[in-house]
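Trainee:
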Amino acid sequence: MNHPELLAPAGNLKKLKLALRFGADAVYLGGKSFSLRSYAENFTDEELAEGAAYTHARGKKLYAAVNIFARNADFKALERHLFLLSEIGADGVLVSDPGVFALVRRIAPSLPIHISTQANTTNAEAARFWYEQGAARVVLARELSISEIAAIHAAVPALELEAFVHGAMCISYSGRCYLSDYLAGRSSNRGACSQPCRNEYRLLTREGVPLTAEEDERGTYLLNSKDLCMIDRLGDLAAAGVCSFKIEGRMKSEFYLATVVGTYRRAIDKGYSPALMAELDTLTHREYTAAYAFGDNRETVSSGESQRTGTCAFVAVVEDYADGRVTVEMRSRFREGDTLEYLSPSGTGTVTVSLLCDADGTPENDAKLVQARYSFACPVPLERGDLFRRRLF
C-alpha cells in the first residue's frame, strides 16, 4: 500500500502534541470561532501559532477548519483570522462556504484551500469545479463508495482526495443537519450541534398514545448512526486515489486519540491484522460500519443502543519517569497490586502497580482522586504522554 497521510483531530494543544507523537502526519484543528466544533476547547491565536511551530518543527502539517456557513457579520473577524493562519504558515484551510472560499483567495492567496465534507462533494464534476476554482484538496462526502472515489480521482487526478476512515458519523447528508437548530436552537452548521440524533425517540399516535419504535426487543435509536471504521480497507482507499486518511474526533479523549491514531499508524505501515481491530475495540464506541464504501447500505443506523463499552478503561496519563518510577495524572481509579496496560507509540505492555505514592511521596493503597498525581514503581522507561489503561474483559 502507498503511504497516504494520516490526519488526526486536535481539540487542543495537548491533544495536538499527543496525536503527532502517536504517529499522525498532520492534524486538523479550529480556532475559537469559525469551525464546526465550537464546543471543543479549540485554540487561541497564541496556541495556533505555538501549535503550528510545534507541528512544523517535526516535519508535519497543520490544517485549520474555517468551515462554518458564514453570515455577513462574520467576515470582518474572518479576515483577521485568515491573516493569522497565513502568518503562522498553516498548510491548508478547510472551507465549506463559497463566500469564505472567495475571501481566502482574495486576502490570503498563499493558503491552500481544502473543501470540507460539509460542501457535499459527491461527484467528479463537483470535484473538477472546485479544482478549477483553485482548491488543492476535497474532503469527500461520507456517502461515496470506493468505486465512486476511484472515478473522481480518474477524472481529476491532480486534485488531492481526503476521506474519513474512522469515527462518529452524522445521520444527515454530509453533516448538513437542521435538527439541532430546530430542537435546541443550536445550529450544526455553525458548530454548535447538540447531537439530537443520539437520542432515543418515541412515536405518538394521533390520539397521543406513546409508542416505542422498536426494531428488536431493545428498542431503536431512529437517527443514531453507527461509527465508521475502515481499518481493514485502507489499501482499497489508497488504490482509489485517497491521499489522506482522516480520523474524526476533535472532542474525543486523549485515550481515544492515542489508541486510534496509533492503531491506524500501524495499519498504514505494516498492513491490517485482526489484532488492530481488537485494539480499536478497547474504546467505547458504537457498532462499527464501513458505511457506503461498497455501495448502498441500509445497515448504518445503530438502532439497539447508542454505545457499547470498550474492553479497556482509561486510567492515567504519564507525566514523568525517573529512577524506576512513573508519575501519572489519574483519570480512573486504580489500586496497589492492579495490573495495568501501558500504551505508547512503540506498543503496549503490562505493569503491576507497586509502591504507590501520592504527589507528596506518601504511600497509598488507592489512587482515587481524579486528576491527582500519583507515582509507582515501573520497570519500563515510559515517556510523558504515554497512557495507562485497565483491561475490563
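The opening residue of the sequence shown carries number 1341 in this note's numbering; numbering runs sequentially from there. All C-beta atoms in this analysis are idealised placements derived from N, C-alpha and C, irrespective of residue type, glycine included.
(1) How many angstroms separate the CA atom of residue 1359 from the CA atom of residue 1624?
(2) Going by DSSP, which residues form a beta bridge with residue 1345?
(3) Could you tell me the alpha carbon to alpha carbon distance between residue 1570 and residue 1382, rounded to whole angstroms?
(4) Quick one: what's got a C-beta closer than 7 angstroms to residue 1343's C-beta in the same chain, skipping five residues either side?
(5) Taking all protein chains shown into account, decide if residue 1518 is buried (16 or more other Cβ within 10 angstroms of its Cβ) or exposed.
(6) Could you check whether the stretch 1573-1582 touches the stretch 1645-1659, counting it as contact only if at least three pairs of C-beta atoms, one from each stretch, sit closer than 8 angstroms?
(7) Compute the Euclidean distance between the alpha carbons of residue 1394 and residue 1492, then round it to the nearest angstrom.
(8) So within the stretch 1586-1667, which uninterrupted alpha helix (DSSP H) runs reach at least 4 residues, ignoring any that extend past its ends?
(9) Do the stretch 1707-1719 and the stretch 1666-1680 make contact, defined as three or more Cβ pairs closer than 8 angstroms?
(10) Quick one: residues in its chain with C-beta nearer than 6 angstroms to the C-beta of residue 1353, no 5 flanking neighbours on either side, listed in chain order?
(11) So for residue 1383, helix, strand or coil by DSSP?
(12) Could you pull the start and end residues of the beta strand (DSSP E) that residue 1420 belongs to?
(13) Taking the C-alpha atoms as reference points, what is the distance between residue 1385 and residue 1415?
(14) Give the DSSP-derived three-state secondary structure of residue 1669 in the structure shown.
(15) Checking 8 angstroms against the spacing of the C-beta atoms, do residue 1435 and residue 1406 come in under that value?
(16) Using only the alpha-carbon positions, how far apart do residue 1483 and residue 1444 sit?
(17) Please identify the residue among 1463, 1419 and 1438 whose C-alpha is closest to the C-alpha of residue 1447.
(18) Measuring alpha carbon to alpha carbon, tell me which of 1684, 1676 and 1373 ends up nearest residue 1698.
(19) Let me confirm a value: residue 1473 is counted as buried when at least 16 other C-beta atoms fall within 10 Å, else exposed. Which label applies?
(20) Taking the beta carbon of residue 1703 as the centre, do at least 16 other beta carbons fall within 10 Å, making it buried, or is it exposed?
(21) Determine, using beta carbons only, whether residue 1635 and residue 1485 come nearer to each other than 8 angstroms.
(22) Which residues in the same chain have their Cβ closer than 8 angstroms to the Cβ of residue 1470, if we skip the five residues on either side of it in sequence?
(23) Measuring CB to CB, does residue 1432 end up less than 8 angstroms from residue 1452?
(24) Look up residue 1521 in the DSSP assignment and say whether it is helix, strand or coil.
(25) Give a single yes or no on whether residue 1374 has its beta carbon closer than 7 angstroms to a heavy atom of the ligand SAH.
(26) Let me confirm a value: residue 1705 is counted as buried when at least 16 other C-beta atoms fall within 10 Å, else exposed. Which label applies?
(27) I need the DSSP call for residue 1537, collapsed to helix, strand or coil.
(28) With DSSP as the reference, please indicate the residues paired to residue 1445 in a beta bridge.
(29) DSSP has residue 1675 in a bridge; who is on the other side?
(30) Using the Cα positions of residue 1558 and residue 1586, report the straight-line distance between them to the nearest angstrom.
(31) Quick check on residue 1663: buried or exposed, where buried means 16 or more other Cβ atoms within 10 Å of its Cβ?
(32) How long is the line joining the alpha carbons of residue 1733 and residue 1726, rounded to whole angstroms?
(33) Please work out which residues of its chain come closer than 6 angstroms, Cβ to Cβ, to residue 1372, disregarding the five sequence neighbours upstream and downstream, and give them in chain order.
(34) In three-state DSSP terms, what is residue 1431?
(35) At the level of alpha carbons, what is the spacing between residue 1351 and residue 1494?
(36) Determine the direct distance from the alpha carbon of residue 1488 to that of residue 1421, and round the result to whole angstroms.
Mentor: The relevant details are as follows:
(1) Walking along the sequence shown from the start, residue 1359 turns up at place 19. Walking along the sequence shown from the start, residue 1624 turns up at place 284. One C-alpha to the other measures close to 19 angstroms.
(2) Residue mapping note: residue 1345 aligns to position 5 of the sequence shown, counting from 1. Answer is 1584.
(3) Residue mapping note: residue 1570 aligns to position 230 of the sequence shown, counting from 1. Residue mapping note: residue 1382 aligns to position 42 of the sequence shown, counting from 1. Residue 1382 has its alpha-carbon roughly 27 angstroms from the corresponding atom of residue 1570.
(4) Indexing the sequence shown from 1 puts residue 1343 at position 3. Counting only Cβ-Cβ distances below 7 angstroms, and skipping sequence neighbours, we find 1608.
(5) Taking the first residue of the sequence shown as 1, we reach residue 1518 at position 178. Result: exposed.
(6) With the cut-off at 8 angstroms, the stretch 1573-1582 and the stretch 1645-1659 do not touch.
(7) The count along the sequence shown starts at 1 and reaches residue 1394 at position 54. The count along the sequence shown starts at 1 and reaches residue 1492 at position 152. Inter-residue distance for residue 1394 and residue 1492 is about 34 angstroms (C-alpha atoms, whole angstroms).
(8) 1594-1610 and 1614-1620, all fully within the stretch 1586-1667.
(9) Using a C-beta cut-off of 8 angstroms, the stretch 1707-1719 makes contact with the stretch 1666-1680, since at least three inter-stretch Cβ pairs fall below that distance.
(10) Here the question's residue 1353 lines up with position 13 in the sequence shown. So the list reads 1387 and 1391, once near-sequence residues are dropped.
(11) Looking up residue 1383 in the sequence shown gives position 43. Three-state DSSP puts residue 1383 in a strand.
(12) To locate residue 1420, count along the sequence shown from 1; it is residue 80. No beta strand (DSSP E) holds residue 1420; the alpha helix (DSSP H) holding it covers 1415-1427.
(13) For this step, residue 1385 is matched to residue 45 along the sequence shown. For this step, residue 1415 is matched to residue 75 along the sequence shown. Near 17 angstroms, if we compare the C-alpha coordinates of residue 1415 and residue 1385.
(14) In the sequence shown, counting from the first residue as 1, residue 1669 sits at position 329. Residue 1669 carries a strand assignment under DSSP once its states are collapsed to helix, strand and coil.
(15) Counting from one through the sequence shown, the residue named residue 1435 turns up at place 95. Counting from one through the sequence shown, the residue named residue 1406 turns up at place 66. Taking 8 angstroms as the Cβ cut-off, residue 1435 and residue 1406 qualify as a contacting pair.
(16) Locating residue 1483 in the sequence shown gives position 143, where the first residue counts as 1. Locating residue 1444 in the sequence shown gives position 104, where the first residue counts as 1. Each residue's Cα considered, the two are about 27 angstroms apart.
(17) Position 107 of the sequence shown, counted from the start, is the residue given in the question as residue 1447. Comparing Cα-Cα distances from residue 1447 to each of 1463, 1419 and 1438, the minimum goes to 1419.
(18) Along the sequence shown, read from residue 1 onward, the residue named residue 1698 stands at position 358. The shortest C-alpha separation from residue 1698 is found at 1676.
(19) The count along the sequence shown starts at 1 and reaches residue 1473 at position 133. If you draw a 10 Å sphere on the C-beta of residue 1473, you find fewer than 16 other C-beta atoms in it, and that means exposed.
(20) Translated into the one-based positions of the sequence shown, residue 1703 becomes position 363. Residue 1703 should be labelled exposed.
(21) Along the sequence shown, read from residue 1 onward, the residue named residue 1635 stands at position 295. Along the sequence shown, read from residue 1 onward, the residue named residue 1485 stands at position 145. The criterion of a C-beta distance shorter than 8 angstroms is satisfied by residue 1635 and residue 1485.
(22) Taking the first residue of the sequence shown as 1, we reach residue 1470 at position 130. Shown here for residue 1470: same chain residues with a beta carbon closer than 8 angstroms to its own, the five before and five after excluded, namely 1455, 1459, 1461, 1478 and 1499 in chain order.
(23) Here residue 1432 refers to the residue found at position 92 when the sequence shown is read from its first residue. Here residue 1452 refers to the residue found at position 112 when the sequence shown is read from its first residue. Cβ distance < 8 angstroms, so residue 1432 and residue 1452 count as in contact.
(24) Residue numbering aside, residue 1521 sits at position 181 when the sequence shown is read from its first letter. Residue 1521: helix per DSSP, three-state reduction.
(25) The ligand SAH is not part of this structure, which contains no ligands at all.
(26) What you label residue 1705 is simply residue 365 of the sequence shown in a count that begins at 1. Classification for residue 1705: exposed.
(27) Residue 1537 sits at position 197 when you count from the first residue of the sequence shown. Note: residue 1537 maps to helix in three-state DSSP.
(28) The count along the sequence shown starts at 1 and reaches residue 1445 at position 105. In DSSP, residue 1445 forms no bridge with anything.
(29) The sequence position of residue 1675 within the sequence shown is 335, counting from 1. In the DSSP output, where bridge partners are listed per residue, residue 1675 has 1706.
(30) Against the sequence shown, residue 1558 aligns to sequence position 218. Against the sequence shown, residue 1586 aligns to sequence position 246. Any reading at residue 1558 must be qualified, since the residue scores a pLDDT of 46, below 50, and its modelled position is unreliable; no value is offered.
(31) Counting from 1 along the sequence shown, the entry for residue 1663 is found at position 323. Burial is judged here by how many other beta carbons sit within 10 angstroms of a residue's own beta carbon; residue 1663 has fewer than 16 and is exposed.
(32) Here residue 1733 refers to the residue found at position 393 of the sequence shown. Here residue 1726 refers to the residue found at position 386 of the sequence shown. Between the alpha carbons of residue 1733 and residue 1726 lies a gap of roughly 22 angstroms.
(33) Here residue 1372 refers to the residue found at position 32 when the sequence shown is read from its first residue. Only residues of its own chain outside the window of five on either side were considered, and among them 1382 have a CB closer than 6 angstroms to the CB of residue 1372, listed in chain order.
(34) In the sequence shown, the residue the question calls residue 1431 occupies position 91. Reduced to three states, the DSSP call for residue 1431 is coil.
(35) Position 11 of the sequence shown, counted from the start, is the residue given in the question as residue 1351. Position 154 of the sequence shown, counted from the start, is the residue given in the question as residue 1494. Taking C-alpha positions only, residue 1351 is separated from residue 1494 by approximately 34 angstroms.
(36) In the sequence shown, the residue the question calls residue 1421 occupies position 81. In the sequence shown, the residue the question calls residue 1488 occupies position 148. The straight-line gap from Cα to Cα measures roughly 35 angstroms.
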